[in-house]
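Colleague: Heads up, the sequence shown is in the numbering used here, so the first residue is -11 and it goes up one at a time.
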Amino acid sequence: MPGSRVPRYLEIKSDLLDRIQRKEFTAGQALPSQASLSRHYSVTLMTLRQALHSLEKDGLIVQARGRGTFVTPGPAVLDLRSLNSLAADMRVQGVDLTTQVLTDGFRPMTRPAALALSREYGERALRLERLRKIGRRPVVHQVSWVPLPWAEQLRDVDFSQHSLYQSLRGRCSLLLATAEEDFQAKPMPRNTARAAGVPGGGVAMVAQRTTFDSAGTPIVYDRAVILNDALRVMARRTQHDIRLLWAANP
């Protein structure tokens, strides 16, 4: 509209983003102090903190109390050929992935879950709903189903601290050997938008994965919604191989 102005904190955010992209501030490097930045931009600390909060919400910086403000690491790559958990793949690369358990309990299986796990529709199974974050930025909304009898052995697991796959290996002595995974662009599910606090109505990448043990028995059905532009698919090709990867956008 005529006469409208971009808020000052957004101008500062844009300038800091440009400086990060130009590698003036690199991954792991501390930004100048808030006092120094507020003097540089001739704004109050409150205005500067608005800009920093917005950058942190976008996953571009992290503010550590008493230590300063740091640029987040570059893209994290996930090897889709691996049967590692998402958390394990991120941890290897030094990415701080946190897990928020939204619901955890026994529920009647949905039709897609029952079909994938070769069970009866409505049969009870463990339903685990998690929100994965890098810093404060939600990146994946994931619902996992585990049927009986293995689900019984997972009743008291704290899935905010322990991987589902590790728990299946450790508690159930299962060898998770193969997986089938399907990726489709679909409308953003309403429950995902609510859980992650993101706008609905857009398109999201939805990954559906069934994991089998060494005997070919389906053990886990996962439905993961990749939020907005948080992750992207990359391909690395050689003469005899193709490697598909998830990469986390910085």
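Don't be surprised by glycine CBs; every beta carbon is placed ideally from N, CA and C. Since this is a predicted model, take the numbers as computed values, not measurements.
(1) Can you give me the C-alpha to C-alpha distance between A52 and T86, rounded to a whole angstrom?
(2) S132 to E117, Cα distance in whole Å?
(3) The alpha helix (DSSP H) spanning D3 covers which residue range?
(4) Please say whether L33 and Y(-3) have beta carbons closer to each other than 9 angstroms?
(5) Go ahead and label H129 buried or exposed: buried means 16 or more other beta carbons lie within 10 angstroms of its beta carbon, across all protein chains shown.
(6) Near I8, which residues of its chain fall below 7 angstroms by C-beta distance, leaving aside the five closest residues on each side in sequence?
(7) Secondary structure at F94, three-state DSSP: helix, strand or coil?
(8) What is the DSSP secondary structure of T180, reduced to helix, strand or coil?
(9) So is S26 buried or exposed if we call it buried at 16+ other beta carbons inside 10 Å?
(10) What number of angstroms, rounded off, separates the C-alpha of R69 from the C-alpha of M193?
(11) Would you report the Cα separation of A64 and Q88, rounded to the nearest angstrom?
(12) Starting from the C-beta of P135, find all residues in its chain whose C-beta is less than 6 angstroms away, skip the five residues before and the five after it, and write them out in chain order.
(13) For C160, collect the residues of the same chain with a Cβ closer than 6 angstroms to its Cβ; drop the 5 residues on either side in sequence, then sort them by chain order.
(14) Using C-beta distances below 8 angstroms, list every residue in its chain close to H28, excluding the 5 sequence neighbours before and after it, in chain order.
(15) Is it true that the CB of R197 sits closer than 9 angstroms to the CB of A184?
(16) Please list the terminal residues of the continuous alpha helix (DSSP H) segment that includes L36.
(17) Is the CB of P(-5) under 9 angstroms away from at least one CB in chain B?
(18) Could you say if the segment 140 to 159 and the segment 174 to 181 meet the contact criterion of at least three C-beta pairs nearer than 8 angstroms?
(19) So if DSSP puts W133 in a beta bridge, which residue, or which two residues, is it bridged to?
(20) Look up A239 in the DSSP assignment and say whether it is helix, strand or coil.
(21) Buried or exposed for S94, going by 16 or more other Cβ atoms inside 10 Å?
Modeller: The short version:
(1) Stepping through the sequence shown from its first residue, residue 52 is reached at position 64. Stepping through the sequence shown from its first residue, residue 86 is reached at position 98. If you take the alpha carbons of A52 and T86, they lie about 16 angstroms apart.
(2) Against the sequence shown, residue 132 aligns to sequence position 144. Against the sequence shown, residue 117 aligns to sequence position 129. If you draw a straight line from the Cα of S132 to the Cα of E117, it is about 6 angstroms long.
(3) As a working note, residue 3 is residue 15 in the sequence shown. First-last of the alpha helix (DSSP H) with D3: -4 to 9.
(4) Residue mapping note: residue -3 aligns to position 9 of the sequence shown, counting from 1. Residue mapping note: residue 33 aligns to position 45 of the sequence shown, counting from 1. Not a contact, by the Cβ cut-off of 9 angstroms.
(5) Stepping through the sequence shown from its first residue, residue 129 is reached at position 141. With 16 or more other Cβ atoms within 10 Å, it is buried.
(6) By 1-based counting over the sequence shown, the position of residue 8 is 20. For I8, where only same-chain residues beyond five positions count, the Cβ hits under 7 angstroms are L48, V59.
(7) Residue mapping note: residue 94 aligns to position 106 of the sequence shown, counting from 1. Note: F94 maps to strand in three-state DSSP.
(8) Here residue 180 corresponds to residue number 192 of the sequence shown, with the count starting at 1. Of the three classes helix, strand and coil, the one that applies to T180 here is helix, per DSSP.
(9) What you label residue 26 is simply residue 38 of the sequence shown in a count that begins at 1. Flag for S26 reads buried.
(10) Residue numbering aside, residue 69 sits at position 81 when the sequence shown is read from its first letter. Residue numbering aside, residue 193 sits at position 205 when the sequence shown is read from its first letter. Low per-residue confidence applies at R69: pLDDT is 48, beneath 50, and the placement is therefore not dependable enough to give any value.
(11) The sequence position of residue 64 within the sequence shown is 76, counting from 1. The sequence position of residue 88 within the sequence shown is 100, counting from 1. With a pLDDT of 49 at A64, under the threshold of 50, the modelled position of this residue cannot be trusted, and the question is left open.
(12) Residue mapping note: residue 135 aligns to position 147 of the sequence shown, counting from 1. Hits under 6 angstroms: L105, R107, A113.
(13) Here the question's residue 160 lines up with position 172 in the sequence shown. Cβ within range, chain order: W138, Q141.
(14) On the sequence shown, position 40 is the one that residue 28 refers to. P20, listed in sequence order.
(15) What you label residue 184 is simply residue 196 of the sequence shown in a count that begins at 1. What you label residue 197 is simply residue 209 of the sequence shown in a count that begins at 1. No, Cβ-Cβ distance for A184 and R197 is not below 9 angstroms.
(16) Working through the sequence shown from its first residue, we reach residue 36 at position 48. DSSP places L36 inside the alpha helix (DSSP H), whose first and last residues are 33 to 45.
(17) Reference to chain B is not applicable here, since this structure consists of a single protein chain.
(18) no
(19) What you label residue 133 is simply residue 145 of the sequence shown in a count that begins at 1. W133 pairs with R115, Y209.
(20) Nothing in the structure corresponds to residue 239, since the chain is present only between -11 and 238.
(21) To locate residue 94, count along the sequence shown from 1; it is residue 106. Inspection of the sequence shows that residue 94 is occupied by Phe rather than by Ser. Exposed, by the Cβ-count rule.
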